[in-house]
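Here the sequence shown is numbered in the numbering used here, starting from 3 and rising by one per residue.
We put the beta carbon where it would ideally sit given N, CA and C, even for glycine.
Just so we're clear, the structure is a prediction, and the values are computed from it rather than from any experiment.
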Amino acid sequence: AQGRNFTHSPGSDAFSVKVFVIVNGKAQMLKTELNDRGDGSFQVFFHYGLQPEKLIIEVRTKDGSFVGKGNKARVIKHPEVEQCYCPTKHSDAWKEAY
């Protein structure tokens, strides 16, 4: 969108997301679920059970280009593990239920 925010869905296949953790110096790719919320925003679900040294998130467009500043993956050093109970994929349904 040439630096502009989306206000509608660009399509569920507009982006791909890969998430990796580094634990004891070894990289492991996590299973991810990318949900198009239809309003220009996306949710990514992933789970890691161990405290990783790093969390690496790659967001790419259909043509393989990185999304965001610097055209590279985002690296989060020493992320904190939290428990999150997410019973539904849609935030509106979640707000109504809770």
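| message | Rounded to the nearest angstrom, what separates S43 and E82 at their Cα positions? | response | 24 Å
| request: Express the C-alpha separation of V77 and K33 in angstroms, rounding to a whole number. | output: 17 Å
| Cα-Cα, which of M31, K79, R6, F68 is closest to Y50? | M31
| task | From the DSSP output, read off the bridge partner residues of I33. | result | First, the residue type needs correcting, since residue 33 is Lys and not Ile in the sequence shown. Its beta-bridge partners do not exist; DSSP assigns none.
| When the Cα of A16 is compared with those of T9, V25, R6, D65, which residue comes out closest? | D65
| field | Counterpart residues of Q45 in DSSP-defined beta bridges | value | N37
| Got a sec? Which residues, its chain only, sit under 6 Å from L52 by beta carbon, not counting five neighbours each side? | V25
| task | Express the C-alpha separation of K74 and N7 in angstroms, rounding to a whole number. | result | 19 Å
| said: Could you compute how far the alpha carbon of G13 sits from the alpha carbon of V46? | reply: 15 Å
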